[in-house]
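There are 4 protein chains.
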Amino acid sequence: MTDIDHMTTNPFDDDKLHEECGVFGIFGHKEAAAHVALGLHALQHRGQEACGIFSYDGQQFHSHKAMGLVGDNFSDGAVMDQLKGDCSIGHVRYATTGGTVLRNVQPLFAEFEFGGFAIAHNGNLTNTQAVRRTLVRRGCIFQSDMDTEIIVHLVAVSLYATVEDRLIDALRQIEGAYSLVAMTKDTMIGVRDPNGVRPLALGKLDDGTYILASESCAFDIIGAEFVRDVDPGEVVIINKEGVKSIKPFGQTPSRFCVFEYIYFARPDSQIENRSVYEVRKAIGAELARESGVDADMVVPVPDSGVPSSIGYAAEAGIAFELGIIRNHYVGRTFIEPTQDIRHLGVRLKHNANIPSVKGKRIILVDDSIVRGTTSKKIVDMMRQAGAAEVHMRISSPPTAWPCFYGIDTPKREKLLAGQHTIEEMAEIIGADSLAFISIDGMYRAVGEAKRNDDNPQFCDACFTGEYPTRLVDHDDEVAEERQPTLPLLAEQGK
Amino acid sequence: MTDIDHMTTNPFDDDKLHEECGVFGIFGHKEAAAHVALGLHALQHRGQEACGIFSYDGQQFHSHKAMGLVGDNFSDGAVMDQLKGDCSIGHVRYATTGGTVLRNVQPLFAEFEFGGFAIAHNGNLTNTQAVRRTLVRRGCIFQSDMDTEIIVHLVAVSLYATVEDRLIDALRQIEGAYSLVAMTKDTMIGVRDPNGVRPLALGKLDDGTYILASESCAFDIIGAEFVRDVDPGEVVIINKEGVKSIKPFGQTPSRFCVFEYIYFARPDSQIENRSVYEVRKAIGAELARESGVDADMVVPVPDSGVPSSIGYAAEAGIAFELGIIRNHYVGRTFIEPTQDIRHLGVRLKHNANIPSVKGKRIILVDDSIVRGTTSKKIVDMMRQAGAAEVHMRISSPPTAWPCFYGIDTPKREKLLAGQHTIEEMAEIIGADSLAFISIDGMYRAVGEAKRNDDNPQFCDACFTGEYPTRLVDHDDEVAEERQPTLPLLAEQGK
Amino acid sequence: MTDIDHMTTNPFDDDKLHEECGVFGIFGHKEAAAHVALGLHALQHRGQEACGIFSYDGQQFHSHKAMGLVGDNFSDGAVMDQLKGDCSIGHVRYATTGGTVLRNVQPLFAEFEFGGFAIAHNGNLTNTQAVRRTLVRRGCIFQSDMDTEIIVHLVAVSLYATVEDRLIDALRQIEGAYSLVAMTKDTMIGVRDPNGVRPLALGKLDDGTYILASESCAFDIIGAEFVRDVDPGEVVIINKEGVKSIKPFGQTPSRFCVFEYIYFARPDSQIENRSVYEVRKAIGAELARESGVDADMVVPVPDSGVPSSIGYAAEAGIAFELGIIRNHYVGRTFIEPTQDIRHLGVRLKHNANIPSVKGKRIILVDDSIVRGTTSKKIVDMMRQAGAAEVHMRISSPPTAWPCFYGIDTPKREKLLAGQHTIEEMAEIIGADSLAFISIDGMYRAVGEAKRNDDNPQFCDACFTGEYPTRLVDHDDEVAEERQPTLPLLAEQGK
Amino acid sequence: MTDIDHMTTNPFDDDKLHEECGVFGIFGHKEAAAHVALGLHALQHRGQEACGIFSYDGQQFHSHKAMGLVGDNFSDGAVMDQLKGDCSIGHVRYATTGGTVLRNVQPLFAEFEFGGFAIAHNGNLTNTQAVRRTLVRRGCIFQSDMDTEIIVHLVAVSLYATVEDRLIDALRQIEGAYSLVAMTKDTMIGVRDPNGVRPLALGKLDDGTYILASESCAFDIIGAEFVRDVDPGEVVIINKEGVKSIKPFGQTPSRFCVFEYIYFARPDSQIENRSVYEVRKAIGAELARESGVDADMVVPVPDSGVPSSIGYAAEAGIAFELGIIRNHYVGRTFIEPTQDIRHLGVRLKHNANIPSVKGKRIILVDDSIVRGTTSKKIVDMMRQAGAAEVHMRISSPPTAWPCFYGIDTPKREKLLAGQHTIEEMAEIIGADSLAFISIDGMYRAVGEAKRNDDNPQFCDACFTGEYPTRLVDHDDEVAEERQPTLPLLAEQGK
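Chains as they are written, first to last, in this note's numbering: chain E, 955 to 1448; chain Y, 955 to 1448; chain D, 955 to 1448; chain S, 955 to 1448.
This is how it looks when you write it as structure tokens:
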């Protein structure tokens, strides 16, 4: 069904992969919703299209959902005053497909026999179609297109007595990536899927209040302490008695998304005992060792390329320079480019620092190449600015496979690395040379000796095509894409 | 649960009863949604707070819902272009309780196993609590507070095979007033509850396209012909084969709401073979005969009092005069009155025609007295304008009982006639005399010899307290109100 | 110069003439601006496109201007709280040409050497072009297209010392119609042009506060008393000493716009010792005497035709009936009609009362015919509803000449009566018969024996082409239109 | 006078100085306005509160003004389509005082005898009061509070014949800083005040079209070439014949604002033959030489401290690290901090990179200290993150005097350096050490041997209190502030 009141999609095809969501929850603080708003603000990089907060005040649930940024929607005193209560959860969202409508904004809420239940979810399920069909046949009415609603219906129809048991019962029927926070009238629950693909961390305020958040940077903004990551497959139950931990799915292999280190997570977060910033610098240093080239300056593609550029420059002993300047005031939309104004798209956000770049040999460092459209424009912009040489270094292996775990990726046929060799890619983007970090170089940078091919330490499916779960909803699609068109994995040293 | 994004309620306590809804549907016209928009515009008097339209184009359903008037929300070409397809239904809504939110706007939609189903409902159910509780226990998740959603869930969980059978199965489990239109991908269905409390009529365009609408005035705007009223308890099924009629509830007694004639319906509508305008004039004439008084002019309280004033003036041989002038540009809101400016509320909409009224004996004709607050202000305004005498005549019997069938009424304790004798009421509003049409006078005006007390020809519960259905949801409330505090029914000649 | 942020013009070509403005001012009340807002609300029929209020609090001027209705823009407590002070003036505006932009909304304000000066104007000047040219040549910079700004600049460059003298100096240089209110930091001034074409009245609150308003209905809403009309050519100066009256233009002939009685003014207003409502009834009665016809019912074209219909019906002894029902919820805009839906324009606002009209001989009473488009649609609608005969009676003489004094009229070539005989007009609109009130009948209805052709008692230029002032700005246009194409004046009995 | 429709001011007291304006103009390109929109977007750092564009299409002028960002207001095709013509100028604005209202948004426009005239101005005048008073006395009516309107009125009343001569005549009567672009129906004019305090540059497209812009980065976005800076006191006249240059003010001493290099200008701009980015790095290097300190890392305060940090780190041989992470999604507003959440203000935008900072000795590099509030919060945040030592280095001399040339500065009494010694300041902000670049160090970094105290090469009044023009409007204020409360200048090595 089409809805008319959709939001205009972002006109900037920035050629980046996008995280879909961030979640935050707090139990037992008199200003619960204000803390959630701040936490979501710190997680805004995980989703900018919509946000929502629920709270419970001992009597009833309150909610507010809106399109746009947390800071623009949860600033009004009247709004915050309504979100009463000492338990609250929230969500920021980046929509994967088409327009976003308010009914697709999380948290989702349902009134069950035993009371209200709100849930917010970061990730993506991979066996929804059959489950959804069964539920509809049973008389369940779906209001949204979101995976999350399947979990809600499974909880609703579960035969178990307690919410905790119903939720575990529901999660046993689904596959995929899910880090979620949920709340009832007396409990907050956090769950990380058995592979722990998406992050979820436990924090604590000075006064002992417990917090759940996608990343530790959300603890910093409210002065909370990072306690620990929620484990893969762990269910954390927080209520007046404190924190209880269950592992209802048995012992499960950790397959945390390595791309969270490379690009998605905020550099000031720490996940699974690693500083995101330090990992990025380490990748830059590995890259300098693996693919060094003689040059006058290392130039980061703003802003995500900065930490790896610093690592690269330090390791290579080459000056780190701001050869590209970012315009911070892009606004939501802009004029469509005309024929007379070339390469406008990228210049709305970036400009070459012409006086510094002219006549120089440059190493551009970026985090990834998706379709390659932006990379080509940036290389082009540097050449027009008079750069003598432009070498591109990428702080991830070639992104050759789509993600089905909550990242908005194009299909394999649209991924530059899904269709071309590295040499071809260099030619397409117009660089004098192009190098990606190797798979093992990436593993080294995160502190592993090498990739364990039998049981990889991370989910690296976007580089290797080895997905940690079944992909029931996508089997045909993936099979088709696995045609041996390219010897890419071999080329990457695997 | 509270939602924050509610609409501000109308600041004018106009002390009128309000119809809750109007419905419209059309099957088999290439501009289906445009016709629905026009039909809803003609039914706008039945609800001004929100409106919604669904359509089906052979491939998918389309929808648009909005707060406010049809003309303000369905005027945009882009909106109408999206509402593709040759079957379409729509709804206008006046909210009974608290604020209105978009999720409470009809039509409701659900994706069933066999496809989409949209439904719009005029009326109110009286046994929702138990049914809803059963559904929730079974795992059904409710998204709104609307009665209509109960019908949708009952259809979803029904074990019958066809939509028609599932809908009939659902309706057998509910009680109350409901005139509804529904649509699937190949059928439009209209249903009027067994008592036919709310109106629903069948119309036809020149080209044979069938239409369902709450009132016949919605046929006029699109140049359609009034075919007939849908019968109480009738299910009308419209598809490519034409119109099929079923009466699955057996033979049922008609109890059409008599207040539709007195106030709710538009004067240019015809319902159950009566012209609403002519009924109102006839009541005015009956009133002149029953409660005549010597005076200089008959003055209608704008605008609803006009037809009965015309009838009264003609019967009494007294001049009909616009002694009260209405301001047509009230806007949505207005400044709160200050202490220095008295009786402002009523004067924002009405002003005495001072030069004409000064020194005159006046008969004010209005359709009803609810709380009495407006009546008092209007009598007061006439006196300040210099009227010598002010006699109030009301074209309905005293409104002493709440309605549970889709009209927004205050509780009995707030109804002036629920707590006071007519003499007391005259004193409260400050009139020199006050008279209401008698119950039998009202029945005569609609063409009946007298009220059949064993099996009344109409639902007149708001005057008599005799409700045509069980009131399961409200039993306690009604019982309590039935305390014999007042000899009102006796006084009314019953 | 074009501005982009213009308001959409009203899509309803309702084929009526429109008053351009209403003004209101109050001096010496602690809630001055709140009273102005209410007064403007009562004058809303004189202009619905924009409104503005200025106030002065002893220290500084405050203002708020907005597109739309008074009730929608001056309801917010925060807005009203800002409009501090005990002197305040305001304006409602109907734009004559193209779009309206906020910079064209009145009152206008200028900071002079001696302090601030705000002014609001109802009417239209007729010698602006030369005056404006001179001012621009002198270095004056115009910010708007409004006549009013010419007055402001003339005040600014006047060599007189006091504001009063400067204003009189300015007004001596202009011609046309102007009823205006102005305020400085210690004075409120009201002026009516030498012919008194537009109305302006003086009122008083119980506490002695003086008020100026376009019509007396604006006094009623705030409980003020009507004191008297401001005389043609009178300047009323209100300050702490009380009211002072000057007649700086000498003795001038009154030429009040007779169309204010027929259509523009509110029926509950009294102007120059006549009740507008009673004049309209008297015109109806004259019309019945002049152009009686045998029929079953007199039907007003809502809402402006109601008072003359009442007068006609009473004089003719024929039943007054609501044969046309008005939809009160038109909203601001609506769907463009499609080919399949005929005569939609008029039906969005009006519907025939088919059951009452069918088979009847009908006398339709309306106030005027401008282009004739709506009249034709309404006659047509009555015929489709089954009327046996449709006779049209108009409570004004034929409108054959444009107005240059503040009414939005089409050019003579677009006025039906500017191009056609009455017989042709009857045929064009499809009526069985058509009659207009005669010029002398109209003069009788307002209490004059007959029109004084040497020095007419009213401005009736739209009927006669005899304008009370020079038309310097329009000389070519009018001369051209005066071609003797039609023996219309002769036909009208002159 | 107060206006109600003001914009909410930015709730982030970011404790930075703010440039007030940027200007852009283009003559002779068929997509003139689209180029202006892009140019203004590149100049958005010079003003984010409002923007406006005018164009002339050979027949008439067109305009659009709006609150907010260029990208949010000039993206709509309908808006851009209206801005027809091949000459266009535009303006971005940061409001210095109170709220901004649309009537204060530039460009300003006036219709003169010889046609339309539009003007946009970057800077601030210093002798407005007397000039304005004279103009008002003459009958000129001011519509805004902007300096620019004084120029417009002086042009209007000038006795010279041509616009160019009138504009020069006008400018001779004013003092202060003004870089402006203006347009008539056949000419575009650029002027830089005799001291050239604010920048203005001339650029050219491939096809020969001339452009004027505040900074060269606005040429880059549209692929234009930087031709040269407009000289101090130069009037550039661009029309169909090409570019003509006049120097009507004689030979004048250049006093370009040195703070443009330090903070205001974009790093990728080049002004007066210097790269802004390279100057900033050079200041960082000077600072390292002047005030070196042993530490583990150099941390920029984002984003303005980055180039000088790079310069500092390279010169000092200390690692450059992102010890503070910026949140890019701040939105327009945010929740007011509560008592429980400390130092929230700064954390909405910044977070310490705790894992990298903990236990380290840190050199923070920022561009200036205004009130000191933010510096204190940032030092505090680093300490809470576990930094062992926090040394603050500032890439400008102490800001001790207000600017009267178009920068929004607090009064001297609110400037931290206006009231305290450097030692006191270090204590107030809580740093282990604090150092500012010296005056001569700053001059060295821009390529001068030392400051020429008799005739300084730059305007450095905010550091020295030596203003390049008379300050007629502010004489009292400045005199009062010159009280010898502090030996600051001495301390700075002067």
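Virtual Cβ for every residue (Gly too), placed ideally from N, Cα, C. If you're wondering where the values come from, they're calculated on a predicted model, not measured in any experiment.
The beta carbons of Y/L1318 and Y/V1344 sit closer together than 8 Å.
Two segments are said to touch when three or more pairs of C-beta atoms, one from each, lie closer than 8 Å; by this definition the stretch 1382-1395 of chain D touches the stretch 1314-1333 of chain D.
For a Cβ distance threshold of 8 Å, residue set L1276 of chain S lies close to E/V1260, ordered along the chain. What D/S1042 touches in chain Y, judged by beta-carbon distance under 8 Å, is nothing: the nearest beta carbon there is about 13 Å away. For D/I1095, the C-beta contacts it makes with chain S under 7 Å involve A1064, V1106, H1107 and A1110, in order along the chain.
At a beta-carbon threshold of 7 Å, the residues of chain E lying near S/C1171 are N1305, ordered along the chain.
One finds E1067 in chain S with Cβ atoms closer than 8 Å to the Cβ of D/R1091, taken in chain order. One finds nothing in chain Y with a Cβ atom closer than 8 Å to the Cβ of D/Y1114; even the nearest lies about 38 Å away. When DSSP reads this structure, Y/Y1132 sits in a beta bridge with Y/G1077. Considering only Y/N1078, Y/A1064 and Y/M1034, the residue with the shortest C-alpha distance to Y/D1427 is Y/N1078. When the beta-carbon positions are compared, S/Y1266 and S/G1238 come within less than 8 Å of each other. Using a 10 angstroms sphere on the CB of S/N1227, the tally of other CB atoms stays under 16, which defines it as exposed. A check of alpha carbon separations from Y/G976 across Y/S1009, Y/K984, Y/V1024 and Y/Q1014 identifies Y/V1024 as the nearest. Note on the stretch 1331-1394 of chain D: whole alpha helix (DSSP H) runs with a minimum of 4 residues are 1370-1373 and 1376-1383, in chain order.
When C-beta distances to chain Y are compared with 9 Å, the residues of the stretch 976-1006 of chain D below that value are H983, K984, E985, A988, H989, A991, L992, H995, A996, Q998, H999 and Q1002, in chain order.
For Y/I1308, the enclosing alpha helix (DSSP H) stretches over residues I1308 to V1311.
Here D/R1220 is buried. Its C-beta has 16 or more other C-beta atoms within 10 Å. Taking a beta-carbon distance threshold of 8 Å, E/Q1205 does not count as an interface residue toward chain S. Residue state for Y/C1211 is assigned as strand, using DSSP reduced to three classes. Taken through DSSP and simplified to helix, strand or coil, S/Y1231 comes out as helix.
Sixteen is the threshold: when 16 or more other Cβ atoms of the shown chains lie within 10 Å of the Cβ of S/K1038, as they do, the residue is buried.
One Cα belongs to D/D1429, the other to D/L971, and the distance between them is close to 22 Å. Here Y/Y1397 carries a helix assignment [DSSP, helix/strand/coil]. Per the C-alpha coordinates, the member of S/A1339, S/A1270 and S/P1351 positioned closest to S/V1324 is S/P1351. Rounded to the nearest angstrom, the Cβ distance from Y/S1349 to Y/I1393 is 13 Å, too far for a contact under 8 Å.
DSSP places E/L1276 outside both helix and strand once states are collapsed to three, so it counts as coil. With a minimum length of 3 residues, the unbroken runs of beta strand (DSSP E) contained wholly in the stretch 1121-1173 of chain S fall at 1130-1137, 1142-1146, 1155-1158 and 1164-1167. Excluding its 5 nearest sequence neighbours in each direction, E/V1197 has C-beta neighbours in its own chain below 8 Å: L1156, Y1164, V1190 and I1191, listed in chain order. The beta carbons of S/Q1127 and S/L1108 sit closer together than 8 Å.
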